[in-house]
Amino acid sequence: MTRIVYGIFGCGGFGREGIELARQTCLDVHGAADMFELVFVEDRPQLQSVDGYRVLALDEFLALDAPRRFNVLVADAQVRARVAAQCEAGGIEPFTIRSRTADIHPTAKIDVGAVLCQFTVVSANANVGRFFHLNHHGYVSHDCRVGDFVTFAPAVRCNGTIDIGDFAYLGSGATLRNGTTDRPMRIGAGAVVGMGSVVLASVEDGETVVGNPARLLKARR
-9 MTRIVYGIFG CGGFGREGIE LARQTCLDVH GAADMFELVF VEDRPQLQSV
41 DGYRVLALDE FLALDAPRRF NVLVADAQVR ARVAAQCEAG GIEPFTIRSR
91 TADIHPTAKI DVGAVLCQFT VVSANANVGR FFHLNHHGYV SHDCRVGDFV
141 TFAPAVRCNG TIDIGDFAYL GSGATLRNGT TDRPMRIGAG AVVGMGSVVL
191 ASVEDGETVV GNPARLLKAR R
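Numbering (this note's numbering), first residue to last: -9 to 211.
This is the structure in structure tokens:
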């Protein structure tokens, strides 16, 4: 029987953390380790193996004569988008990585390619886009909308009724004040929220805010 090859793009810190979560996910899906193989994938590999997993170049992974799935565990959202486009153009489908300790509400919607780490929560009626990274001990509360290729570093607190645009980045420990149905909070596309920041007002596209309370550090271009 041909094994499915699951490619994890990126063997940096997050990739090395996430491949073990991917192994759990694959075991939950397939039931036995001999049904699949996990590999790291890099543009230009410097090593043949990392932590016991072989490392393939991206073109090698794309050329494999086997069923394949992929995910991209790289913090740079633009890289995630590029790799996802290359793999999907090659007919390879993404898969979602979900820790067994991630708590996903039945009404939440999560698009393909998400990485949901240990002790995370996606709550009632939240809607999460493609290739979202929800790092450990972070949460997306009720009625939030999260765009594509958004990154939450560890312990981000995204409270209720917040809209987050594509490619936004929220640093470790950031806290977002909840919005309301008639006036949701908004974190704009490509915006950056610094680590530990407490965001009390909406952030425009491409802006960087830091501090408690969060203040504008860099305006959009």
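Ideal Cβ placement from N, Cα and C applies to all residues, glycine included.
Count the other C-beta atoms from every protein chain shown that fall within 10 angstroms of the C-beta of residue i, then say buried if there are 16 or more, exposed otherwise.
| i | result |
| --- | --- |
| D18 | exposed |
| L190 | exposed |
| P203 | exposed |
| P96 | exposed |
| G3 | exposed |
| H20 | exposed |
| S39 | exposed |
What does the alpha-carbon distance come out to for the pair residue i and residue j?
| i | j | result |
| --- | --- | --- |
| A56 | T(-8) | 7 Å |
| D49 | K99 | 32 Å |
| C134 | V118 | 8 Å |
| C148 | V64 | 21 Å |
| Q76 | H123 | 19 Å |
Just to confirm the assignment, what range does the beta strand (DSSP E) spanning residue i have?
| i | result |
| --- | --- |
| A47 | Y43 to A47 |
| E32 | F26 to E32 |
| I9 | Note, I9: premise wrong, no beta strand (DSSP E); alpha helix (DSSP H) at G3 to H20. |
| M185 | Taken as a continuous stretch (DSSP letters only), M185 belongs to no beta strand (DSSP E), as it is neither H nor E. |
| V193 | Unbroken run through V193: none, as it is neither H nor E. |
| D153 | I152 to I154 |
| I177 | M175 to I177 |
Determine which residues share a DSSP beta bridge with residue i and list them.
| i | result |
| --- | --- |
| R88 | L106 |
| F(-1) | V31 and V62 |
| F142 | L124 and L160 |
| C148 | V130 and L166 |
Hey, is residue i's beta-carbon within less than 8 Å of any beta-carbon in chain B?
| i | result |
| --- | --- |
| V146 | Judged by its chain identifiers, the structure shown contains no chain B, having just a single protein chain. |
Please report the Cβ distance between residue i and residue j, rounded to the nearest whole angstrom; I am assuming they are in contact, meaning their Cβ atoms lie under 8 Å.
| i | j | result |
| --- | --- | --- |
| G103 | A79 | Rounded, the Cβ-Cβ distance is 15 Å, inconsistent with contact. |
| A181 | V193 | 5 Å |
| L46 | V29 | 5 Å |
Could you please give the first and the last residue of the uninterrupted alpha helix (DSSP H) stretch that includes residue i?
| i | result |
| --- | --- |
| V69 | A67 to A79 |
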